[in-house]
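*Asks:* Per mature numbering (1 follows the signal peptide of the UniProt record, and there is no 0): the sequence shown = residues -26 to -1, 1 to 209.
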Amino acid sequence: MKLPLITLTVAVLLVGCSVPTAPRTAASLDTLSTEPVGRSSAARVSNGSNVSLGIIYSAGTQTNRDYLRHYQANAGTGFGQSLLVQSIHDAYVTTSSPDFAVDGVKASLQRQFGSVTVYPDMQSLKAAKPDVVAIVDTRSQLITSRSSDIEANVSADFYDAKLHYIGTARGYDARSLSPLWADFKRSEEIVADIRQQQEVQVRALQKFDQSLSNLLTKPTSNVSMIESETGQKLY
């Protein structure tokens, strides 16, 4: 006997209960070190084949990647697991890669700098002395049982060799969907909705790439900037 469609959609709702909510956004420089960060005198971020870039992932990025790993691990688990069709499970997994955002940001940066190296901490980066430093911050909000609002936010804050702030490149995209379990959706429609999670991430990365291009070609006074704050700190 075939299960009615409403049973399948209720199963999707129940599965969503085991999926975590997204972590709160954390400023990329929140807990970096006790050294105050000044403003660089540079009008632009140096780039090109002879410029080395050192990257550090913010604490928020690390938390977000943990959230995505947990999201993937719990796709298709929990109450109603036996009712979840494989295509829906696969859509959850393929649209929640923990490395998708950071890999996309790194790929954009590699097109603009001679070398791009990710460092585990600021001490290692300082010892390497790259020409430019970037603190990369990523955040995702994926579909849960309580919300079908999707968001992707990626940014890179750039500093000169003395760790003075120059400017920011940022990409953001969002979409609000009807609940997965609404209107007796068929499994094909549910899969199509879930796949929009990755489409939102792709658009955010495309906007980041354009923002980065603007930052590298225009004076920093004309592009996205972080307002200077007393006591802003670096790892």
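For each residue, glycine too, the CB sits at the ideal point set by N, CA and C.
Can you tell which of D73, L116 and A108 has its C-alpha closest to the C-alpha of residue 210?
*Replies:* Since the first and last residues shown for the chain are -26 and 209, residue 210 lies out of range.
*Asks:* First and last residue of the alpha helix (DSSP H) that includes A49?
*Replies:* Position 75 of the sequence shown, counted from the first residue, corresponds to residue 49. A49 -> no alpha helix (DSSP H), and no H or E assigned at all.
*Asks:* With C-beta atoms as the reference, is S70 less than 8 Å away from Q171?
*Replies:* What you label residue 70 is simply residue 96 of the sequence shown in a count that begins at 1. What you label residue 171 is simply residue 197 of the sequence shown in a count that begins at 1. The answer is yes: Cβ separation under 8 Å.
*Asks:* What separation, rounded to the nearest whole angstrom, lies between the Cα atoms of residue 267 and L179?
*Replies:* Given that the chain is displayed from residue -26 to residue 209, the structure contains no residue 267 and the question cannot be resolved.
*Asks:* Measure how close the beta-carbons of A148 and I168 come, nearest whole angstrom, since I'm counting them as under 8 Å.
*Replies:* Translated into the one-based positions of the sequence shown, residue 148 becomes position 174. Translated into the one-based positions of the sequence shown, residue 168 becomes position 194. Actually they do not touch by this definition, with Cβ atoms about 16 Å apart.
*Asks:* If you follow the beta strand (DSSP E) that N188 is in, where does it begin and where does it stop?
*Replies:* In the sequence shown, counting from the first residue as 1, residue 188 sits at position 214. Note, N188: premise wrong, no beta strand (DSSP E); alpha helix (DSSP H) at S161 to T191.
*Asks:* Buried or exposed: where does residue 210 fall if 16 or more other Cβ atoms within 10 Å of its Cβ makes it buried?
*Replies:* Any property of residue 210 remains undetermined from this structure, which presents the chain solely from -26 to 209.
*Asks:* Are the beta-carbon atoms belonging to residue 219 and G34 less than 8 Å from one another?
*Replies:* Given a span of -26 to 209 for the chain in the structure shown, any question on residue 219 remains unanswerable.
*Asks:* Helix, strand or coil for T118 per DSSP?
*Replies:* For the purposes of this step, residue 118 is taken as residue 144 along the sequence shown, with counting starting at 1. Correct three-state label for T118: coil.
*Asks:* Per DSSP, what kind of secondary structure is Y146 in: helix, strand or coil?
*Replies:* Walking along the sequence shown from the start, residue 146 turns up at place 172. Looking at Y146 - three-state DSSP - the assignment turns out to be strand.
*Asks:* Kindly indicate which three-state DSSP category L99 falls into: helix, strand or coil?
*Replies:* The count along the sequence shown starts at 1 and reaches residue 99 at position 125. Helix at L99.
*Asks:* Apply the 10 Å Cβ neighbour rule to F53 and answer buried if 16 or more other Cβ atoms are within range, or exposed otherwise.
*Replies:* For this step, residue 53 is matched to residue 79 along the sequence shown. Confidence at F53 is low in this model, with a pLDDT of 38, below 50, so its placement is unreliable and the value that follows should be read with caution. Exposed.
*Asks:* Indicate the three-state DSSP secondary structure (helix, strand or coil) for D123 in the structure shown.
*Replies:* Walking along the sequence shown from the start, residue 123 turns up at place 149. Strand at D123.
*Asks:* Assign G22 to one of two classes, buried (16 or more other C-beta atoms within 10 Å of its C-beta) or exposed (fewer than that).
*Replies:* The sequence position of residue 22 within the sequence shown is 48, counting from 1. So G22 ends up on the exposed side.
*Asks:* Specify, as a first and last residue, the run of the alpha helix (DSSP H) that Y66 falls within.
*Replies:* One-based indexing of the sequence shown puts residue 66 at position 92. Element bounds for Y66: Q60 to T68.
*Asks:* Roughly how many whole angstroms lie between the Cα atoms of S122 and L116?
*Replies:* Indexing the sequence shown from 1 puts residue 122 at position 148. Indexing the sequence shown from 1 puts residue 116 at position 142. Going from the Cα of S122 to the Cα of L116 covers about 7 Å.
*Asks:* Please return the same chain residues whose Cβ sits closer than 7 Å to the Cβ of S25, not counting the five positions on each side in sequence.
*Replies:* Within the sequence shown, residue 25 is the residue found at index 51, counting from 1. The question names Ser, but residue 25 is Val in the sequence shown. For V25, where only same-chain residues beyond five positions count, the Cβ hits under 7 Å are F87, G88, D105 and V106.
*Asks:* Whose CA, out of T112, L83, S119 and D77, lies closest to the CA of A49?
*Replies:* Mapped onto the sequence shown, residue 49 falls at position 75. Of the listed residues, the one whose Cα sits closest to A49 is S119.
*Asks:* Just the C-alpha distance for D40 and M96, rounded to the nearest angstrom, thanks.
*Replies:* Working through the sequence shown from its first residue, we reach residue 40 at position 66. Working through the sequence shown from its first residue, we reach residue 96 at position 122. Roughly 21 Å separates the two Cα atoms.
*Asks:* Between V174 and the rest of its own chain, which residues show a CB-CB distance below 8 Å, the 5 nearest in sequence each way excluded?
*Replies:* Translated into the one-based positions of the sequence shown, residue 174 becomes position 200. The residues are I124, E125, A126, D147, A148 and R149.
*Asks:* Please return the same chain residues whose Cβ sits closer than 7 Å to the Cβ of Q184, not counting the five positions on each side in sequence.
*Replies:* To locate residue 184, count along the sequence shown from 1; it is residue 210. Nothing listed; no residue qualifies.
*Asks:* By alpha-carbon positions, which one of T91, A166, R177 and K80 ends up nearest to H63?
*Replies:* Numbered from its first residue, the sequence shown carries residue 63 at position 89. Of the listed residues, the one whose Cα sits closest to H63 is A166.
*Asks:* Hey, would you say N38 sits closer than 8 Å to T112, going by beta carbons?
*Replies:* Here residue 38 refers to the residue found at position 64 of the sequence shown. Here residue 112 refers to the residue found at position 138 of the sequence shown. In contact: N38 and T112 (Cβ atoms closer than 8 Å).
*Asks:* Taking just the CA atoms, how far does R85 sit from L190?
*Replies:* Numbered from 1 along the sequence shown, position 216 holds the residue referred to as residue 190. Numbered from 1 along the sequence shown, position 111 holds the residue referred to as residue 85. So the alpha carbons of these two residues sit roughly 12 Å apart.
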